[in-house]
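Visitor: Numbering (our numbering), first residue to last: 85 to 343.
Cβ atoms here follow ideal geometry from the backbone N, Cα and C, with glycine treated the same way.
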Amino acid sequence: MLTIDETRGQVMVAGVDGTSRVHPMDSPEAFEAVSAAWLRCGWDVKYVYGFTWMGRPIIQLPEDIIRIQEVIWRLRPDVIVETGVAHGGSLVFYAGLFAALGHGRVIGVDIEIRPHNRAAIEAHPMSSRIALIEGSSIAAETVAAVRAQIGPGESVLVILDSNHSFRHVAAELDLYAPLVTPGSYIVACDGIMAQVAGAPRTAPDWTWNNPISAVETFLAHTPDFMPEEPGFAFNEGVVRDRVTYWPKSFLKRRPAGAS
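1) Going by beta carbon distance, what residues of the same chain come within less than 6 angstroms of Val-169, once the five residues before and after it are set aside?
2) What residue range does the alpha helix (DSSP H) around Ala-304 cover?
3) By DSSP's criteria, Ala-98 is part of a beta bridge. Which residues make up the other side?
4) For Trp-137, which option in Phe-250, Ile-205, Ile-222, Asp-162 has the closest C-alpha, if you only look at C-alpha atoms?
5) Considering only the beta carbon of each residue, do Leu-175 and Ile-156 sit closer than 7 angstroms?
6) Whose CA, out of Thr-103, Glu-154, Ala-117, lies closest to the CA of Met-109?
7) Here's the rule: buried if 16 or more other CB atoms are within 10 angstroms of the residue's CB, otherwise exposed. What is Gly-173?
8) Beta-carbon separation of Ile-149 and Tyr-133 under 7 angstroms?
9) Nearest-angstrom Cα distance between Arg-202 and Asp-101?
10) Let me know the secondary structure DSSP gives Val-155 once reduced to three states.
11) Among residues of its own chain, excluding the 5 on either side of Gln-153, which ones have a beta-carbon nearer than 7 angstroms to its beta-carbon?
12) Is Thr-265 buried or exposed, if buried means 16 or more other CB atoms sit within 10 Å of its CB?
13) Would the segment 227-243 and the segment 270-280 be scored as touching if the rule is three or more Cβ pairs under 8 angstroms?
14) Which one of Ala-340, Val-163, Ile-214, Tyr-329 has the shortest CA to CA distance from Phe-309?
15) How about the segment 324-334 and the segment 284-291: do they share at least three Cβ pairs that are nearer than 8 angstroms?
16) Would you kindly report the start and end of the unbroken beta strand (DSSP E) that includes Phe-318?
17) Whole angstroms is fine: what's the gap from Phe-318's alpha carbon to Lys-336's?
18) Residue range of the beta strand (DSSP E) that Leu-145 falls in?
19) Considering just the uninterrupted stretch of the beta strand (DSSP E) at Glu-218, what are its terminal residues?
20) Please give me, in chain order, every unbroken run of the alpha helix (DSSP H) with length at least 4 that falls completely inside the segment 183-263.
21) Which residues bound the alpha helix (DSSP H) around Met-277?
22) Considering only the beta carbon of each residue, do Val-280 and Arg-158 sit closer than 7 angstroms?
23) What is the DSSP secondary structure of Thr-291, reduced to helix, strand or coil?
24) What number of angstroms, rounded off, separates the C-alpha of Asp-274 from the C-alpha of His-252?
25) Distance check for Val-106 and Thr-87, CA to CA, integer angstroms please.
26) Given a threshold of 16 other Cβ atoms within 10 Å of its Cβ, counted over all protein chains shown, does Trp-127 qualify as buried or as exposed?
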């Protein structure tokens, strides 16, 4: 249980064992406790379903989008591959970053790209930097189509944001990891599923049937990838961890020669 006392400037966290801890409001511990509750509340009220990017619904936690922007700015990949298109907001976001950088393009993959979404994406000012591939992200022909659009020597970042079940994400990780450039990332989105199991719009098996379980399985047999938090490019505060729907999501391919 969480109790916020704004008058005293305190946050009290009661544990299941009956003990409780009181944290000053200006402490990282208080921020982490309040953020965890905020994330759960945001899930329940569908908070992320209220944003657009350049006119297209994006359905992402704003902090996740800002954080991955920092990674993209630092890496400056030639290609981003994103599985999961939906309304196309994140494709437009990444394409806009590439337009600002002066190079790069994004490949969006989805098992079904609805006609009205395809039409809106193809009519968008950022469309010249977006390629759409319709098909299951784990089908051999789809992966081959993605690979065919990546030129020799191009640097690649992969974002997995389609079907978030353990089995599907595990398959995507195995299939798309070889496309990732050494030093770049494959990002398995929406590990928050493990935290919100039991909430509205969830299933009981989300405690294990989630992207984090797939990531752990992948890392156990793929030594050339390692978990690596992107870190804060700038932080003059006391916040220690990301507020995110994507916990444990960033997997970095080890640079050539790294052990």
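Guide: Let's see:
1) Gly-192, Asp-194, Ile-197
2) 295-305
3) Ser-104
4) Ile-205
5) no
6) Ala-117
7) buried
8) no
9) 52 angstroms
10) helix
11) Leu-181
12) buried
13) yes
14) Ala-340
15) no
16) Where Phe-318 is concerned, there is no enclosing beta strand (DSSP E), given that its DSSP letter is neither H nor E.
17) 20 angstroms
18) No beta strand (DSSP E) holds Leu-145; DSSP gives it neither H nor E.
19) 214-218
20) 199-206, 224-232, 250-260
21) 277-280
22) no
23) helix
24) 13 angstroms
25) 9 angstroms
26) buried
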